[in-house]
Amino acid sequence: EFDSRAGDGQSDKELVRRRCLGNVRFMGELGRLGIVTERMLHDTCKKLLARKSSTSSVTPVGDVANDRQDTSSPGPKGLTAEETENFYMDLECFCLFLTIVGKNMDTTNGCKLLDQYFARLQRIIERGSLPPRIRFMVEDLCDLRKNDWVAKKIGQKYNTNAPKTIKEIRLEVAQETGVYVSPAQER
């Protein structure tokens, strides 16, 4: 499959990334439908948040000692460029996974584990070594949980990105200032 797509200009890394994201999306949808148990979903989260340290051992989710690292390097301390790239891909997969199935996992039993996952994400953000795209994904995921797993666009009363008519703008100004500007007063 990789050889047949090599002429399309896509690199092998991009194909692997897309395949990983597709698998995570599939697993998340299975969890959302209740086909996969909550325990398996939490195991998936733990594996996505585990990373290799400089000694090649897997760091558990709540290990605070290994989270305190030097922020001068662009990625996590002691990781090669490939390991750093894999770490970022795991974070992207984790964000996608919880975006899909987080609401189903945020139950009375799973709430404490989710708190640990989000505390870990917060420590990773505070370290300041994430690329902006990944950092904003993590921040969006945190916002999604704070908003009870309702996306901002769905939870908004009005579509704030749609253009407004002049009448709507006048009504907003009237509500804010108490003065309605009629079309005849503009001239």
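Residue numbers (the working numbering): 7 to 193.
Glycine included, each C-beta is placed from N, C-alpha and C at the ideal position.
Since we're looking at a predicted model, the values are computed, not measured.
Spanning the alpha carbons of G34 and A157 requires a straight line of approximately 17 Å.
In this structure the region 131-142 does not lie against the region 176-186, because fewer than three pairs of beta carbons, one per stretch, are closer than 8 Å. One Cα belongs to D146, the other to K152, and the distance between them is close to 10 Å. With respect to I130, R38 sits apart: the two C-beta atoms are not nearer than 7 Å. With a contact defined as Cβ atoms closer than 8 Å, E98 and M143 qualify at about 6 Å.
Note on C51: 16 or more other CB atoms within 10 angstroms of its CB, so buried under the neighbour-count rule. Going by beta carbons, V22 and F103 fall outside the 7 Å limit. Distance from the CA of I41 to the CA of L47, rounded to the nearest whole angstrom, comes to 11 Å.
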